[in-house]
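Inspection log for the structure reproduced underneath, given as structure tokens.
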Amino acid sequence: MTDDETLGFATRAIHAGQEPDPGTGAVVPPIYQVSTYQQDGVGGLRGGWEYSRSGNPTRAALEAALAAVEGGAAGFAFASGLAAEDAVLRAALRPGDHMVIGNDVYGGTYRLVARVLGPWGVEHTPVDLTAADRLLDAIRPGRTKVVWVETPSNPLLSIADITAIAGHARAAGALLVVDNTFASPALQNPLALGADVVVHSTTKYVGGHSDLVGGAAVVADGAQLPAGLEGPTGTTSVRDAIRFLQNASGAIAGPFDAWLALRGLKTLDVRMQRHCANAQRVAEFLAAHPAVTHVSYPGLATHPGHELAARQMRGFGGMISFRTGDAQVAGAVCGATRIFTLAESLGGVESLVEHPARMTHGSVAGTALEVPDDLVRLSVGLEDVDDLVADLDQALAVATR
Ligand SMILES: *Cc1c(COP(=O)(O)O)cnc(C)c1O
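Heads up, the sequence shown is in my numbering, so the first residue is 25 and it goes up one at a time.
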């Protein structure tokens with residue numbers, strides 16, 4: 025009953041896949057820290073459990089919960105967001121194929137596409153997908169098999185129209201994958217807007233406490249591989265192909281990490297409400313600050329994607345980036361905060377600050393995805409917002425002294 029789609033988001037996040045343990049009544053799924061399972065005679069599997077790369081009850085609980093909160097047919101939990109991305113891309117692409125990728129996606133995604141898949145014969149075209157029609161010029165008929173979108177994007181917080189892009193991708197016979205890490209399933213559900221697969225770095229908002237690295241892929245009901253491709257199990261189902269790869273290449277989430285992600289997911293809804301409220305206040309403060317030349321936050325009416333985000337999302341999220349007009353000042357702000365911790369990553373309860381050009385996006389320097397060097401990225405956490413605003417105020421004063 026708990027994956028019933030008529031139930032609200034928070035109810036699904038707390039209960040889907042997480043029935044009390046039938047043996048003990050434990051209300052939280054136990055951490056099945058085990059590699060193998062006793063068989064009742066050769067091939068006599070209890071409940072289907074055989075070996076923990078193929079399946080583990082704690083991971084299965086997380087996978088069911090993620091499928092339920094994204095409105096998908098199946099979820100797959102991986103060792104990291106990039107491991108999930110790698111499995112999805114290798115399920116859908118073969119040497120000689122082409123993919124289109126948003127031109128300000130996560131730097132690690134770009135590195136995977138350009139420097140790992142590239143040498144295996146997959147070509148890519150980075151496109152500014154804030155105007156969905158730009159996709160049409162980049163599609164190579166019969167060769168473009170994947171369209172990869174990140175919205176809101178990292179670190180520029182640009183917004184892409186998932187519904188419009190899904191229409192173009194479908195017409196081209198390509199699979200649409202949306203990286204939903206920044207919005208989290210609490211604020212945006214790309215499958216309902218026409219995407220075929222959603223990926224997450226559960227390291228970020230789903231986990232929510234900066235204490236795990238994990239990833240996930242959730243597949244839409246009935247999603248089919250790109251036109252003309254048969255998967256490794258002889259079907260054209262995306263779900264079958266990813267399940268096969270998860271086991272065959274083995275980058276699974278371990279039981280404890282799966283359990284932490286599941287624990288994080290239970291509070292995702294309330295956390296996102298506070299992330300959104302705090303970020304809105306911080307963005308308004310920055311927009312009015314004389315040392316700040318530009319603020320990117322979809323919740324500001326001045327953001328070019330504001331209206332689209334208001335339609336497509338249920339809140340504007342906790343990520344902000346802003347420019348100071350000077351790389352030196354940007355670096356100095358990052359070094360002067362006291363509550364915002366200088367660190368990569370995002371989505372945890374604690375606020376973080378970073379300098380993308382020299383930190384998270386160092387791997388895209390010199391490419392089409394290079395980010396401005398005067399950009400500062402904030403992951404606005406759950407502290408008292410007055411303290412966060414005061415901290416940025418003093419850091420900007422120090423940096424511009
Ligand atoms: C962090 C991140 C990833 C990669 O996830 P890992 O868990 O670090 O492998 C992918 N996409 C986005 C948007 C991210 O922020």
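Glycine residues also receive a C-beta, built at the ideal position from the N, C-alpha and C atoms.
Return the bridge partner residues of residue i from the DSSP annotation.
| i | result |
| --- | --- |
| Gln57 | Answer is none; Gln57 lacks a bridge partner. |
| Phe102 | Gly239 and Ile276 |
| Gln297 | Beta-bridge pairing links Gln297 to no other residue. |
| Ser261 | Gln248 |
| Ser403 | Met343 and Leu376 |
| Met123 | His148 and Val170 |
| Gln63 | Leu69 |
| Thr429 | With the chain running from 25 to 425 in the structure shown, residue 429 is simply not present. |
| Tyr75 | Thr60 |
In terms of residues, what are the limits of the alpha helix (DSSP H) holding residue i?
| i | result |
| --- | --- |
| Asp410 | Val409 to Ala423 |
| Phe346 | That residue, Phe346, is in no alpha helix (DSSP H); its beta strand (DSSP E) goes Met343 to Arg347. |
| Thr35 | Phe33 to His39 |
| Pro81 | Pro81 to Glu94 |
| Phe332 | According to the sequence as given, residue 332 is Leu; it is not Phe. From DSSP, the alpha helix (DSSP H) with Leu332 extends over His330 to Gln336. |
| Tyr130 | Careful: Tyr130 lies outside any alpha helix (DSSP H) and carries neither H nor E. |
| Ala351 | Ala351 to Ala360 |
Can you give me the start and stop residues for the beta strand (DSSP E) that residue i sits inside?
| i | result |
| --- | --- |
| Ile233 | The question names Ile, but residue 233 is His in the sequence shown. That residue, His233, is in no beta strand (DSSP E); it is neither H nor E in DSSP. |
| His318 | His318 to Ser320 |
Between the beta-carbon of residue i and the beta-carbon of residue j, is there less than 8 Å?
| i | j | result |
| --- | --- | --- |
| Val170 | Ile186 | no |
| Ile344 | Ala381 | no |
| Leu86 | Ala277 | yes |
| Thr348 | Val400 | yes |
| Gly96 | Leu215 | yes |
| Ala423 | Ala356 | yes |
| Ala240 | Ala115 | no |
| Val93 | Leu393 | no |
| Gly341 | Gly372 | no |
| Val243 | Ala98 | yes |
| Thr168 | Val124 | yes |
| Thr361 | Ala419 | yes |
| Ala476 | Val319 | No answer is possible for residue 476: the residues shown for the chain start at 25 and end at 425. |
| Ala34 | Ile266 | no |
| Val146 | Pro165 | no |
| His148 | Val137 | yes |
| Ser369 | Gly132 | no |
| Gly126 | Leu106 | no |
| Leu376 | Val306 | no |
| Tyr56 | Pro279 | yes |
| Asp220 | Leu284 | no |
| Ala88 | Gly41 | yes |
| His327 | Ala354 | no |
| Gly238 | Thr226 | yes |
| Thr257 | Leu249 | no |
| Ala251 | Gly329 | no |
| Ala247 | Ala103 | no |
| Leu332 | Ile183 | yes |
Please indicate yes or no: does the CB of residue i lie closer than 7 Å to some heavy atom of ligand 2?
| i | result |
| --- | --- |
| Phe206 | Ligand 2 is absent from the structure shown, which contains only ligand 1. |
Hey, which unbroken runs of the beta strand (DSSP E) at 3 residues or more fall wholly within the region 152–229?
168–174, 199–203 and 221–225
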